[in-house]
Ligand SMILES: O=C(O)CCC(=O)C(=O)O
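Residue numbers (the UniProt record's numbering): 1 to 322.
Below, the structure written as C-alpha cells:
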C-alpha cells in the first residue's frame with residue numbers, strides 16, 4: 001500500500017492525512033548501520049532509529065505464530081473460528097479485557113520463538129554498536145496483542161522506568177507485517193530535545209508515575225495534535241514489515257495508530273541499556289508476576305486511596321486546556 005496521497009490514518013483520537021503536517025512517513029536509517037558515529041548522531045538528532053529488517057523475517061513470523069497459538073489456547077472465544085487460527089483474527093467480541101495480558105516474564109515472553117527474535121544475536125549486536133558497550137536487556141518484556149479499536153496514547157517511557165540509568169532504549173518490534181491501519185508505533189520527531197518540549201520534559205516527562213500514584217494509563221494525552229500544537233515536533237510512522245524495528249530514547253514522545261482491523265496486532269517492546277549500569281529493579285530478576293499495570297491495560301485499573309489524575313497534574317503544571 002502506498003504511504004501518502006489521500007490515505008487517512010487514525011492516530012489516537014484523531015484521523016489525520018498521511019503526508020500532511022499531522023503525519024509524515026518514517027525514513028529508515030539502514031544506510032547508517034556501518035557508521036556507528038552517524039547512527040548515534042541520528043538518534044541524538046531525531047530521538048529514534050527506524051531500521052528495516054533488523055530481525056530475521058522468518059523468525060519474526062514464527063514468533064507471531066507462537067503468540068497467536070498462545071492467544072487461541074487462552075480461551076475459546078478469543079479467535080474468530082471462521083478463519084484459520086494462524087491468521088490471528090480476533091473474535092469481534094474480543095477486545096480489551098479479553099485478549100490475554102502477556103506483559104512480564106512468562107511462558108510466552110520467554111518462549112524460544114519469541115526470545116530468539118527479541119534477544120537474539122541480531123539486536124544484541126546492534127545494541128552493542130549503538131551503546132558502545134556490552135548490552136543488557138530487561139527480563140520484563142512488553143508483549144502485546146492489540147485488539148480492534150485499541151491504541152496507545154502519547155507518552156514517554158521515562159515515566160514508567162526511571163529507577164535505573166537514563167541510558168535505556170526501547171526497541172519496538174511488530175511480530176508480523178503491520179500496516180498503519182493495524183496499529184503501528186508513531187514517534188514525535190524532536191520531542192526528546194526541542195527547547196519547546198522543555199517544560200513538558202521537566203514536568204510530565206520527569207514523573208515516576210508509580211511513585212506519584214497516577215491513576216490510569218500514564219499517557220499525557222490520547223490526542224496527537226495536543227502534543228504538536230502545544231510543543232511542536234513531527235509525528236511519523238510507517239507500514240512495518242516483519243523484521244523492522246523502531247528504537248527510541250526514554251524521552252521520545254510516542255503513541256500508536258488505531259488497530260482498525262480484526263487482526264491481533266502483536267508486538268513486543270524490549271528495553272536495552274549498557275550492562276553494568278543500574279537497572280530499574282522492577283524489570284530485572286524476579287519481576288512481579290504482572291508488573292505495574294499501566295498503558296492500555298491501566299484503563300480499568302483499581303482506584304487506590306491516594307491517586308492523582310493526569311488532568312489534575314496538567315493543571316498544576318500550567319498546561320491549560322487547548
Ligand atoms: O505497542 C504499543 O501500542 C505501544 C508501545 C509503547 O508505547 C510502550 O510500551 O512504550
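C-beta: ideal position from N, C-alpha, C; glycine also.
query = By Cβ distance below 6 Å, which residues in the same chain neighbour residue 249 in space, the five residues on each side in sequence not counted?
reply = 47, 192
ask   = Roughly how many angstroms separate the alpha carbons of residue 128 and residue 79, rounded to a whole number?
value = 39 Å
inquiry  = Short of 6 Å in beta carbon distance, which residues of its chain neighbour residue 8, apart from the five on each side in sequence? Order them along the chain.
reply    = 15, 17
task = Mind checking which residues open and close the beta strand (DSSP E) that includes residue 315?
result = Unbroken run through residue 315 is the alpha helix (DSSP H), 310-317; no beta strand (DSSP E).
message = Just to confirm before moving on: does the CB-CB distance between residue 241 and residue 177 stay below 8 Å?
response = yes
ask   = Should residue 316 go down as buried or exposed, given a rule of 16 or more other Cβ atoms within 10 Å for buried?
value = Burial call: exposed.
Sub-8 Å separation of residue 23 and residue 50 beta-carbons = It is not a contact, given that the beta carbons lie outside the stated cut-off.
Neighbourhood of residue 138 by C-beta, 6 Å cutoff - its chain only, sequence neighbours within 5 removed = 271, 283, 284
query = DSSP three-state call for residue 175: helix, strand or coil?
reply = coil
query = Is there at least one non-hydrogen atom of ligand 1 closer than 7 Å to the beta-carbon of residue 272?
reply = Proximity of the beta carbon of residue 272 to ligand 1 is not indicated: no heavy atom of the ligand is located closer than 7 Å.
request  = Could you pull out every residue in the same chain whose Cβ sits closer than 6 Å to the Cβ of residue 280, ignoring the five residues on either side in sequence?
outcome  = 161, 163, 164
request  = Please confirm if residue 286 has its CB atom under 8 Å from at least one CB of chain D.
outcome  = The structure shown contains no chain D; it holds only a single protein chain.
query = Whose CA, out of 12, 63, 172, 90, lies closest to the CA of residue 76?
reply = 90
request  = Could you tell me if residue 125 is buried or exposed, where buried requires 16 or more neighbouring beta carbons within 10 angstroms of its beta carbon?
outcome  = Exposed is the label assigned to residue 125, since fewer than 16 other Cβ atoms lie within 10 Å of its Cβ.
ask   = Since residue 136 is in the beta strand (DSSP E), which residue starts that stretch and which ends it?
value = 135-137
Which listed residue (172, 154, 37) has its alpha carbon closest to that of residue 217 = Checked all of 172, 154, 37; the closest Cα to residue 217 is 154.
inquiry  = Beta-carbon within less than 7 Å of residue 2's beta-carbon, same chain only, minus the 5 sequence neighbours each way: which residues are those?
reply    = Summary for residue 2: the model assigns pLDDT 48, below 50, so the residue's position carries little reliability; its value from the coordinates is reported in the next sentence. None.
query = How far does the beta strand (DSSP E) with residue 254 in it reach, from first residue to last?
reply = 254-256
request  = Determine the closest residue to residue 221 out of 275, 254, 55, 184, with distance taken between C-alpha atoms.
outcome  = 254
request  = Return the first residue and the last residue of the alpha helix (DSSP H) that residue 123 is part of.
outcome  = First-last of the alpha helix (DSSP H) with residue 123: 121-131.
ask   = Just curious, the alpha helix (DSSP H) that residue 202 is in, first and last residue?
value = 198-202
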